[in-house]
Amino acid sequence: MNLNSKQEILEALRLPWQEFDDTIGAEARRIRAEVTDNRLVAVSMMGFTNVCKNQCLYCGMRAGNANLKRYRMEPETVIAAAQQAAANGFKKIFLISGEDPKYGFENLVKIVAACKEAGLHVSLACGEFSKEQFRILKEAGADRYVAKFEMSNEASFNRLNPSTNFKHRMECIHWIKEAGLELASGNIVDWPGQTEEELAEDILRMKQLEIDWAPIVPYMPAMGTPLAAEGGRGSIEKNLREISLLRVLLPEVYITAGQPGENLKEGFASPSGNLAALRAGADMMYTDLLPNDLSDVFRVVDNRILLGMEHIRAMAEQSGSKLQF
0 MNLNSKQEIL EALRLPWQEF DDTIGAEARR IRAEVTDNRL VAVSMMGFTN
50 VCKNQCLYCG MRAGNANLKR YRMEPETVIA AAQQAAANGF KKIFLISGED
100 PKYGFENLVK IVAACKEAGL HVSLACGEFS KEQFRILKEA GADRYVAKFE
150 MSNEASFNRL NPSTNFKHRM ECIHWIKEAG LELASGNIVD WPGQTEEELA
200 EDILRMKQLE IDWAPIVPYM PAMGTPLAAE GGRGSIEKNL REISLLRVLL
250 PEVYITAGQP GENLKEGFAS PSGNLAALRA GADMMYTDLL PNDLSDVFRV
300 VDNRILLGME HIRAMAEQSG SKLQF
């Protein structure tokens, strides 16, 4: 099964669904069973500030969204929640935020150090930093950093991300790897205007970057954002194809299994969406540490719903996966 070029990936994306599932999908399931032992990794997650200075045209937390209730959690509150997660048996934490300059880089370093002291593997998604800041985060105890390239089409990236640019995003990705951090990166699947050629290029880029985790999701419109006016939700089928292709191309990579299904109101906790993603080759789900009143306003997309461990355990049981923390 040759998937070494953009053209070969493109041909796989264009296969009839049943043929794709019987070949590449089957290979992804074999690899997930034999290489990762059918793991389903549960990760504790906290969005500690939804303030963002950026104006990304697809994100519900963009600075221009005046209708979103904003919050910043005190570092001590974040640390206490992380310590409780560790006490409850979690081994991994994912700290995510808007790009909030007023939160204070020193506070982020303090949080990372406390999480590491609690014995947690620490993943961060807090925006773009300098080369030196990525190094400091690594020294403080960060293990992985999430910097999505979002789309390989440079002109599209620059249009949809006017607060930064593609060259700088790729520079940050280079700095992350240079600092010794594990790299999580990926794309938005089937955003309005994306071509199949661009999707194939995105998938090949993830392989070339040797990512450790693919935090991919199909495009989900956020109410009031400029891109939402250009088209509706992305294709679930294309997203499942990408998951299977990534499992074949990067056998040991972590891939987000918290995926939407046909009912958008179920958000990322859709049982059908989660099970389909696991079957396609995904293997990582999150449980939200935020209280409900804050979880509702950490709104990158609409209906961003994450359920707790009871849901993750049910998904593991129904998919025949081995739960890991």
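If you read the sequence shown in numbering that gives the first Met the number 0, its first letter stands for residue 0, the second for the next number, and so on.
For every residue, glycine included, the Cβ atom is placed at its ideal position computed from N, Cα and C.
(request) Could you spell out the range, first to last residue, of the beta strand (DSSP E) harbouring Gly46? (result) Locating residue 46 in the sequence shown gives position 47, counting from the first residue. Taken as a continuous stretch (DSSP letters only), the beta strand (DSSP E) holding Gly46 covers Arg38 to Thr48.
(request) Would you kindly check if the distance between the Cβ of Tyr57 and the Cβ of Leu159 is under 9 Å? (result) For the purposes of this step, residue 159 is taken as residue 160 along the sequence shown, with counting starting at 1. For the purposes of this step, residue 57 is taken as residue 58 along the sequence shown, with counting starting at 1. Contact: yes.
(message) Rounding to the nearest angstrom, what Cα-Cα distance links Arg303 and Ser129 in this structure?
(response) Residue mapping note: residue 303 aligns to position 304 of the sequence shown, counting from 1. Residue mapping note: residue 129 aligns to position 130 of the sequence shown, counting from 1. Below a pLDDT of 50, predicted positions are generally treated as unreliable, and Arg303, at 45, falls in that range; no measurement from the model is reported.
(message) Tell me whether the segment 84-98 and the segment 42-51 touch, counting them as touching only if at least three CB pairs, one residue from each stretch, are closer than 8 Å.
(response) yes
(message) Comparing C-alpha positions only, which one of Ala276, Pro214 and Met150 sits nearest to Gly193?
(response) For the purposes of this step, residue 193 is taken as the residue at position 194 of the sequence shown. Note that residue 193 is Gln in the sequence shown, not Gly. Among Ala276, Pro214 and Met150, the Cα nearest to that of Gln193 belongs to Met150.
(request) Just the C-alpha distance for Lys137 and Leu14, rounded to the nearest angstrom, thanks. (result) Taking the sequence shown and counting its residues from 1, one reaches residue 137 at position 138. Taking the sequence shown and counting its residues from 1, one reaches residue 14 at position 15. So the alpha carbons of these two residues sit roughly 42 Å apart.
(message) Taking 6 Å as the limit between beta carbons, can you name the residues of its chain near Trp212, skipping five residues before and five after?
(response) Residue 212 sits at position 213 when you count from the first residue of the sequence shown. Excluding sequence neighbours, Trp212 sits near Ala183 and Tyr253.
(message) Assuming Lys137 is part of the beta strand (DSSP E), what are its boundary residues?
(response) On the sequence shown, position 138 is the one that residue 137 refers to. Looking at the DSSP string, Lys137 is not in any beta strand (DSSP E); the run it does join, the alpha helix (DSSP H), is Lys130 to Ala139.
(request) Determine, using beta carbons only, whether Asn37 and Ser243 come nearer to each other than 9 Å. (result) Numbered from 1 along the sequence shown, position 38 holds the residue referred to as residue 37. Numbered from 1 along the sequence shown, position 244 holds the residue referred to as residue 243. Result no, Cβ atoms of Asn37 and Ser243 do not sit closer than 9 Å.
(request) May I ask whether a heavy atom of the ligand HEM can be found less than 8 Å away from the beta carbon of Ile8? (result) The model on display carries no ligand, and the ligand HEM is accordingly not part of it.
(request) Please go through the same chain and pick out, in chain order, the residues whose beta-carbon is closer than 8 Å to the beta-carbon of Asp301, but skip the five residues on each side of it. (result) As a first step, residue 301 is located in the sequence shown; it is residue number 302 there, counting from the start. Low confidence applies to Asp301: its pLDDT is 48, below 50, so where it sits in the model is not reliable, and the reading given next is rough at best. Contacts found: Gly59, Met219, Pro220, Ala221, Met222 and Leu263.
(request) Spatial neighbours of Trp174 within its chain, please: CB distance less than 7 Å, with the 5 preceding and 5 following residues excluded, ordered by chain position. (result) Translated into the one-based positions of the sequence shown, residue 174 becomes position 175. Same-chain partners within the cutoff: Lys130 and Phe133.
(request) Take Ile135 as the anchor and find which of Ser96, Asn152, Ile235 and Gly179 has the nearest alpha-carbon. (result) The sequence position of residue 135 within the sequence shown is 136, counting from 1. If we check each option's Cα against that of Ile135, Gly179 comes out closest.
(message) Checking 9 Å against the spacing of the C-beta atoms, do Leu245 and Gly272 come in under that value?
(response) Translated into positions along the sequence shown, residue 245 becomes position 246. Translated into positions along the sequence shown, residue 272 becomes position 273. No, the Cβ-Cβ distance between Leu245 and Gly272 is not below 9 Å.
(request) Kindly confirm or deny that the segment 61-81 and the segment 98-115 touch, where touching means at least three C-beta pairs closer than 8 Å. (result) yes
(request) Tell me whether Arg312 is buried or exposed, calling it buried when 16 or more other Cβ atoms sit within 10 Å of its Cβ. (result) Within the sequence shown, residue 312 is the residue found at index 313, counting from 1. So Arg312 ends up on the exposed side.
(request) Whole angstroms is fine: what's the gap from Pro250's alpha carbon to Pro214's? (result) Reading the sequence shown from its first residue, position 251 is the one you call residue 250. Reading the sequence shown from its first residue, position 215 is the one you call residue 214. The straight-line gap from Cα to Cα measures roughly 15 Å.
(message) Classify Glu177: buried if its beta carbon has 16 or more other beta carbons within 10 angstroms, exposed otherwise.
(response) To locate residue 177, count along the sequence shown from 1; it is residue 178. It counts as exposed.
(message) Bridge partners for Glu236 per DSSP, in chain order?
(response) Here the question's residue 236 lines up with position 237 in the sequence shown. The partner list for Glu236 (beta bridge, DSSP) is empty, contrary to what the question assumes.
(message) Alpha carbons only, please: which of Leu288, Arg278, Val50 and Ile78 is nearest the one belonging to Ala316?
(response) Counting from one through the sequence shown, the residue named residue 316 turns up at place 317. Going by the sequence as given, residue 316 is Glu instead of Ala. Among Leu288, Arg278, Val50 and Ile78, the Cα nearest to that of Glu316 is on Arg278.
(request) Have a look at Lys5, Trp16, Leu9 and Asn3 and flag the residue whose alpha-carbon is nearest the alpha-carbon of Glu236. (result) Residue numbering aside, residue 236 sits at position 237 when the sequence shown is read from its first letter. That would be Trp16, whose Cα lies nearest to the Cα of Glu236.
(message) Using C-beta distances below 6 Å, list every residue in its chain close to Ala86, excluding the 5 sequence neighbours before and after it, in chain order.
(response) As a first step, residue 86 is located in the sequence shown; it is residue number 87 there, counting from the start. If we look at Ala86 and ignore the five residues flanking it on each side, it has no Cβ neighbours.
(request) Run the CB neighbour count on Thr76, radius 10 Å, all protein chains shown included, and call it buried at 16 or more, exposed below. (result) Against the sequence shown, residue 76 aligns to sequence position 77. So Thr76 counts as exposed.
(message) By the three-class DSSP mapping on this structure, what secondary structure does Asn273 have?
(response) One-based indexing of the sequence shown puts residue 273 at position 274. Three-state DSSP puts Asn273 in a helix.
(message) I'd like to know if Ala276 contacts chain C, where contact means its C-beta is closer than 9 Å to some C-beta of that chain.
(response) Of the chains in the structure shown, none is chain C; there is only one protein chain.
(message) Taking the alpha carbon of Ser234 as the reference point, which residue from Pro225, Glu195 and Thr224 has its own alpha carbon closest?
(response) One-based indexing of the sequence shown puts residue 234 at position 235. Ser234 has its Cα closest to that of Glu195, out of Pro225, Glu195 and Thr224.
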